[in-house]
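Colleague: This note's numbering runs 264 ahead of the 1-based position in the sequence shown.
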Amino acid sequence: MSDLQLQDPLVFDAIQKEVERQNDGLELIASENFVSRPVLEAMGSPLTNKYAEGLPGKRYYGGCQYVDIAEDLARSRARELFSCDWVNVQPHSGASANAAVYLSFLQPGDTFLGLDLAHGGHLTHGSPVNFSGILYHAEYYGVEEQGPNAGRIDMDKVRDKARSVQPKMISIGASAYPRDFDYEAFRSIADEVGAFLWMDMAHTAGLIAAGLMNDPLPFAHVTSTTTHKTLRGPRGGMLLIGKDYENPFGKVAPKSGRVKNMSELLDSAVFPGMQGGPLMHVIAAKAVAFGEALKPDFKDYSAAVIANATIMAEAFVEMGYDVVSGGTDNHLMLIDLRNKGVTGKEAEEALERADITVNKNMVPFDDQSPFVTSGIRIGTPAMTTRGLGKDEFRYIARLVDRVITNRTDEDVLRDVRNEVHELCGRYPLYDFVVA
Ligand code: DSN
265 MSDLQLQDPL
275 VFDAIQKEVE
285 RQNDGLELIA
295 SENFVSRPVL
305 EAMGSPLTNK
315 YAEGLPGKRY
325 YGGCQYVDIA
335 EDLARSRARE
345 LFSCDWVNVQ
355 PHSGASANAA
365 VYLSFLQPGD
375 TFLGLDLAHG
385 GHLTHGSPVN
395 FSGILYHAEY
405 YGVEEQGPNA
415 GRIDMDKVRD
425 KARSVQPKMI
435 SIGASAYPRD
445 FDYEAFRSIA
455 DEVGAFLWMD
465 MAHTAGLIAA
475 GLMNDPLPFA
485 HVTSTTTHKT
495 LRGPRGGMLL
505 IGKDYENPFG
515 KVAPKSGRVK
525 NMSELLDSAV
535 FPGMQGGPLM
545 HVIAAKAVAF
555 GEALKPDFKD
565 YSAAVIANAT
575 IMAEAFVEMG
585 YDVVSGGTDN
595 HLMLIDLRNK
605 GVTGKEAEEA
615 LERADITVNK
625 NMVPFDDQSP
635 FVTSGIRIGT
645 PAMTTRGLGK
655 DEFRYIARLV
665 DRVITNRTDE
675 DVLRDVRNEV
685 HELCGRYPLY
695 DFVVA
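1. Are ARG451 and PHE483 close, meaning C-beta to C-beta below 8 angstroms?
2. With the cut-off set at 8 angstroms, would you say LEU292 and ILE642 are in Cβ contact?
3. Taking all protein chains shown into account, decide if ASN572 is buried (16 or more other Cβ within 10 angstroms of its Cβ) or exposed.
4. Going by DSSP, what residues sit across from LEU319 in a beta bridge?
5. Could you tell me the distance, in whole angstroms, from the CA atom of HIS401 to the CA atom of ALA549?
6. I want to check one thing, is the minimum distance from the CB of SER295 to the heavy atoms of the ligand DSN below 7 angstroms?
7. Is the beta carbon of HIS383 within less than 7 angstroms of some heavy atom of the ligand DSN?
8. In angstroms, rounded to a whole number, what distance separates the CA positions of ASP600 and SER638?
9. By Cβ distance below 7 angstroms, which residues in the same chain neighbour ALA699 in space, the five residues on each side in sequence not counted?
10. Please report how far the alpha carbon of ARG416 lies from the alpha carbon of ASN478, in whole angstroms.
11. Tell me the rounded alpha-carbon separation between PHE635 and LYS609.
12. What is the DSSP secondary structure of SER488, reduced to helix, strand or coil?
13. According to DSSP, what are the bridge partners of VAL587?
14. Skipping 5 residues on each side, what residues in its chain have a beta carbon closer than 6 angstroms to that of GLU578?
15. Using only alpha-carbon positions, find the residue among VAL622, HIS467, ASP679, TYR509 that is nearest to SER527.
16. Please confirm whether any heavy atom of the ligand DSN lies closer than 7 angstroms to the CB of HIS386.
17. How many whole angstroms separate the CB atoms of LEU379 and ALA294, which I take to be in contact at a CB cut-off of 8 angstroms?
18. Just checking my contact of VAL486 with PRO628 at CB under 8 angstroms: how many whole Å lie between their CB atoms?
19. Taking C-alpha atoms, which residue in ASP288, GLN430, ALA440, THR494 lies nearest to VAL238?
20. Alpha carbon to alpha carbon, how far is GLY390 from LEU461?
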């Protein structure tokens, strides 16, 4: 028996059941992945005990010599992974990293331009219920409703919008956009209107690190990310700058006569601006994950993530599903279920009964509320980590279709659930009881 099991069987049981759920089910949530045992070990280490406010070598606490090693490894590996000048690995989450961007480069009330949440954007890119939309004035660009570019961003329209609203900052990045971004075009728009350019690459960071998608770092002034999605690290955030220099929109400091570099602004926005002590066990786990991502097989894994998503999207199109933008360039697809007469909520719930996990998702120009939605979002990073390939993803698309088509037939749901368990049994994940 483990110490946890002996001391607190209720928590132990919850964890154990979640491990079983992950082992037995098909995890198709696009933002989730499965970390390695070494990443889990680092997260479960006594580094959680250590306070280390400040940066390596410049801490506000004694005893930081070993956590400094871990943070320096995370920083140098991240710089190598993304070929960039500067990183800060301390943000507790992607939302925290994004908050540091606003704190560094905007004043409350300033206008910025971001991708509409209902068109695939993220809460922290200006949703009215998030700090970004409450404290700042958000304007949005979206995707095309019809025509050859349906479901895609039209850069001419982004330019027109930027000219009309004159934002101080333009954000790129999405939670449910299946296509790549034209960073060069975004930068030219930002330069034309005098805006700061920020890319949130949370979803695609691993695919970018593997060199399989366009690289935002040469074009965006600052880039933020989470570390747990396609990058396959622990839950957390990070900030990066491709080429660091004086904040191009900064005022000269009255005393020193100097403009701060973008990195200095971001470092102090993370701490003491919005966080206290960094989570050193998570930072150590980030170092481990970045080390894994630097290995050649991470590129093979990332290529398989995209190949599996491509094949799955094709399978859905062949079965008559309306895949937004007609396919995908990355790890996810967005399926508009309106032509199937089912809501995202109904599909999500039926799939869950068959042990297939997806999330309901707004589709562009949705007429349902965010609690119901007309679509589902499906991603391949997690099941690709388990080793599933194109044949299995084609088969999974057929399982998803069987569930959606027979969503009230408990016999079909049970049969699919059995097939899901059989498939998962062939690709073992975690073979341990939490110790
Ligand atoms: N909401 C997360 C996602 O699932 O994409 C990102 O924060």
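Backbone N, C-alpha and C define an ideal beta-carbon position, used for all residues, glycine too.
Modeller: A quick look at the data gives this:
1. Working through the sequence shown from its first residue, we reach residue 451 at position 187. Working through the sequence shown from its first residue, we reach residue 483 at position 219. In contact: ARG451 and PHE483 (Cβ atoms closer than 8 angstroms).
2. Taking the sequence shown and counting its residues from 1, one reaches residue 292 at position 28. Taking the sequence shown and counting its residues from 1, one reaches residue 642 at position 378. Against a cut-off of 8 angstroms, the Cβ pair of ILE642 and LEU292 comes out as a contact.
3. Position 308 of the sequence shown, counting from 1, holds the residue named residue 572. Classification for ASN572: buried.
4. For this step, residue 319 is matched to residue 55 along the sequence shown. DSSP output for LEU319 lists LYS322 as bridge partner(s).
5. The sequence position of residue 401 within the sequence shown is 137, counting from 1. The sequence position of residue 549 within the sequence shown is 285, counting from 1. Approximately 36 angstroms between the Cα atoms of the pair.
6. Here residue 295 is taken as the residue at index 31 of the sequence shown, counted from 1. Within the cutoff, so yes.
7. Here residue 383 refers to the residue found at position 119 when the sequence shown is read from its first residue. No, since every heavy atom of the ligand DSN falls outside the 7 angstroms radius drawn around the Cβ of HIS383.
8. Counting from 1 along the sequence shown, the entry for residue 600 is found at position 336. Counting from 1 along the sequence shown, the entry for residue 638 is found at position 374. Using only the alpha carbons, I get a separation of about 6 angstroms.
9. Looking up residue 699 in the sequence shown gives position 435. Low confidence applies here, because ALA699 scores a pLDDT of 49, under 50, leaving its location unreliable; read the following figure in that light. So the list reads SER266, once near-sequence residues are dropped.
10. On the sequence shown, residue 416 is found 152 positions in, with the first residue counted as 1. On the sequence shown, residue 478 is found 214 positions in, with the first residue counted as 1. Rounded to the nearest angstrom, the two C-alpha atoms are 16 angstroms apart.
11. Here residue 635 is taken as the residue at index 371 of the sequence shown, counted from 1. Here residue 609 is taken as the residue at index 345 of the sequence shown, counted from 1. Their Cα atoms are separated by approximately 7 angstroms.
12. The residue labelled residue 488 in the question sits at position 224 within the sequence shown. Three-state DSSP puts SER488 in a strand.
13. As a working mapping, residue 587 is identified with position 323 in the sequence shown. DSSP output for VAL587 lists ILE599 as bridge partner(s).
14. Your numbering for residue 578 matches position 314 in the sequence shown. Within the same chain, GLU578 has no close Cβ partners at all.
15. Against the sequence shown, residue 527 aligns to sequence position 263. When each option's Cα is compared against that of SER527, the closest is TYR509.
16. Here residue 386 refers to the residue found at position 122 when the sequence shown is read from its first residue. Yes, the ligand DSN has a heavy atom inside 7 angstroms of this Cβ.
17. In the sequence shown, the residue the question calls residue 379 occupies position 115. In the sequence shown, the residue the question calls residue 294 occupies position 30. At roughly 16 angstroms, the Cβ-Cβ gap does not stay under 8 angstroms, so LEU379 and ALA294 are not in contact.
18. Counting from one through the sequence shown, the residue named residue 486 turns up at place 222. Counting from one through the sequence shown, the residue named residue 628 turns up at place 364. Between PRO628 and VAL486 the Cβ distance is about 27 angstroms, and since that is not below 8 angstroms, they are no contact.
19. The shown model of the chain, from 265 to 699, leaves out residue 238, and the question about it has no answer.
20. Here residue 390 corresponds to residue number 126 of the sequence shown, with the count starting at 1. Here residue 461 corresponds to residue number 197 of the sequence shown, with the count starting at 1. Each residue's Cα considered, the two are about 15 angstroms apart.
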